[in-house]
Amino acid sequence: MALTLVTGGTGHLGRDIVDRLVRDGHRIRVFARSPAVRPDVEWATGDLATGVGLREALHGVDTVINAATCSPIARRGGVRPVDFFRSPSAVDVEGTERLLSLCRKASVRHFLHVSIVGLEEATLPYARVKLAGERLVRASALSWSVVRAMPFYYLLDKFLSGLAWLPLWPVPTTTFDPVDASDVAAHVVTCAFDGLRGERTEIGGPEALDLVTFARQYQDARKLHRRILPIGLSDAKARGMGIVVSRGVRGRLSWSDWLRANRET
Ligand SMILES: NC(=O)c1ccc[n+]([C@@H]2O[C@H](COP(=O)([O-])OP(=O)(O)OC[C@H]3O[C@@H](n4cnc5c(N)ncnc54)[C@H](OP(=O)(O)O)[C@@H]3O)[C@@H](O)[C@H]2O)c1
Numbered sequence: 009m010a011l012t013l014v015t016g017g018t019g020h021l022g023r024d025i026v027d028r029l030v031r032d033g034h035r036i037r038v039f040a041r042s043p044a045v046r047p048d049v050e051w052a053t054g055d056l057a058t059g060v061g062l063r064e065a066l067h068g069v070d071t072v073i074n075a076a077t078c079s080p081i082a083r084r085g086g087v088r089p090v091d092f093f094r095s096p097s098a099v100d101v102e103g104t105e106r107l108l109s110l111c112r113k114a115s116v117r118h119f120l121h122v123s124i125v126g127l128e129e130a131t132l133p134y135a136r137v138k139l140a141g142e143r144l145v146r147a148s149a150l151s152w153s154v155v156r157a158m159p160f161y162y163l164l165d166k167f168l169s170g171l172a173w174l175p176l177w178p179v180p181t182t183t184f185d186p187v188d189a190s191d192v193a194a195h196v197v198t199c200a201f202d203g204l205r206g207e208r209t210e211i212g213g214p215e216a217l218d219l220v221t222f223a224r225q226y227q228d229a230r231k232l233h234r235r236i237l238p239i240g241l242s243d244a245k246a247r248g249m250g251i252v253v254s255r256g257v258r259g260r261l262s263w264s265d266w267l268r269a270n271r272e273t
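All residue numbers for the sequence shown refer to our numbering, where the first residue is 9 and numbers rise by one.
Take a look at the structure:
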């Protein structure tokens with residue numbers, strides 16, 4: 009049976025991708041730094057930042073789904089001043105380059121890369137790093153797909169929970185359409201095996217709402233009562249911050265349903 013390697017298979021999106029592939033009967037190998045945590049898939053422990061374990065992980069692989077990333081902002085669930093100046097590139101740029109080169113040698117037949125909507129105009133260093141990694145994929149001689157997604161609900165949840173201590177929340181009035189990672193996983197899996205290649209349809213959530221509405225729904229679900237100070241951003245500023253509306257397929261799970269299903273933050 010054809011073998012699929014999922015890098016970042018222990019992450020928020022990666023776990024959902026692996027669950028879906030297992031459910032669909034695929035043969036899966038997960039590549040991550042963490043030791044094996046599930047018995048129903050093959051496991052390759054290694055490090056994209058150094059290349060340790062990568063060559064072995066690619067042995068016999070047909071399809072690679074690259075869902076690994078190193079985002080300090082996502083890890084901690086908030087932005088610090090340092091994030092406006094730099095973001096590590098060892099996984100998303102050098103790691104992607106290394107992975108692409110080894111995939112060519114291993115005759116991998118399809119390389120699917122997960123990326124983010126609106127990177128061209130986004131200004132945070134993490135976005136620049138993601139764009140550089142994506143460009144390597146597009147320039148590669150491999151048969152590739154790039155799937156771009158809107159920010160995931162888990163990240164919005166982390167950001168808003170980080171505001172809980174503030175009595176007044178400054179929130180942009182800009183519209184955007186975050187999405188559930190499991191809806192993105194379903195789209196990624198479809199794109200990995202539908203035979204098409206190249207720039208794939210981007211994915212956002214089912215609702216495009218202003219951020220103030222997302223924040224109010226969050227407060228209702230978490231029984232918080234904080235005043236919201238609506239902030240008007242210029243379009244350019246909002247795009248710079250990655251607050252955009254996607255133009256592609258829509259996930260199914262709404263923010264309010266996600267909040268009901270994920271009561272803990
Ligand atoms: N989060 C969002 O809102 C969002 C929105 C759109 C697109 N995306 C994209 O979706 C993808 C997944 O994002 P996510 O939020 O699910 O990420 P995540 O939860 O932070 O998971 C990151 C994954 O990368 C792996 N990883 C990190 N450093 C590694 C290294 N040095 N070597 C090997 N593996 C490493 C981690 O595994 P170990 O720690 O076990 O090594 C983990 O499995 C990324 O491409 C991201 O840019 C995310």
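Here a beta-carbon is modelled for each residue, glycine too, at the ideal position from N, C-alpha and C.
Under the DSSP assignment, Thr53 falls in the beta strand (DSSP E) whose first and last residues are 50–53. As a beta-bridge residue in DSSP terms, Arg258 pairs with Gly212. C-alpha of Ile36 to C-alpha of Ala216: approximately 34 Å in a straight line. DSSP lists Val187 as the bridge partner or partners of Phe160.
DSSP places Gly22 within a helical segment (H, G or I) once states are collapsed to three. The beta-carbon separation of Gly170 and Gly250, rounded to 17 Å, does not stay under the 8 Å limit for a contact. In this chain, the beta strand (DSSP E) harbouring Phe119 covers 118–124. Inclusion of Gly212 and Gly248 in the CB contact set at 9 Å is not warranted, their separation being larger than that value. Less than 9 Å divides the Cβ of Gly259 from the Cβ of Asp188. In the structure shown, Ala40 adopts extended strand secondary structure according to DSSP, grouped into three states. Here Val49 really is in contact with Val30; their C-beta atoms are around 6 Å apart, less than 8 Å. For Val220, there is no enclosing beta strand (DSSP E); the enclosing alpha helix (DSSP H) has its first and last residue at 219–230. With a 10 Å radius around the Cβ and a threshold of 16 neighbouring Cβ atoms, Thr131 comes out exposed. Distance from the CA of Arg84 to the CA of Ala76, rounded to the nearest whole angstrom, comes to 16 Å.
In the three-state DSSP reduction, Pro133 falls in the helix class (H, G or I). Under the three-state reduction of DSSP output, Thr198 falls in the helix class. The DSSP-derived three-state label of Trp177 is strand. The nearest non-hydrogen atom of ligand 1 is 8 Å or more from the C-beta of Gly85. Partner residues in the beta bridge of Glu207, as assigned by DSSP, are Val154. In its chain, beyond the 5 residues on either side, Arg112 have a beta carbon closer than 7 Å to the beta carbon of Ala149.
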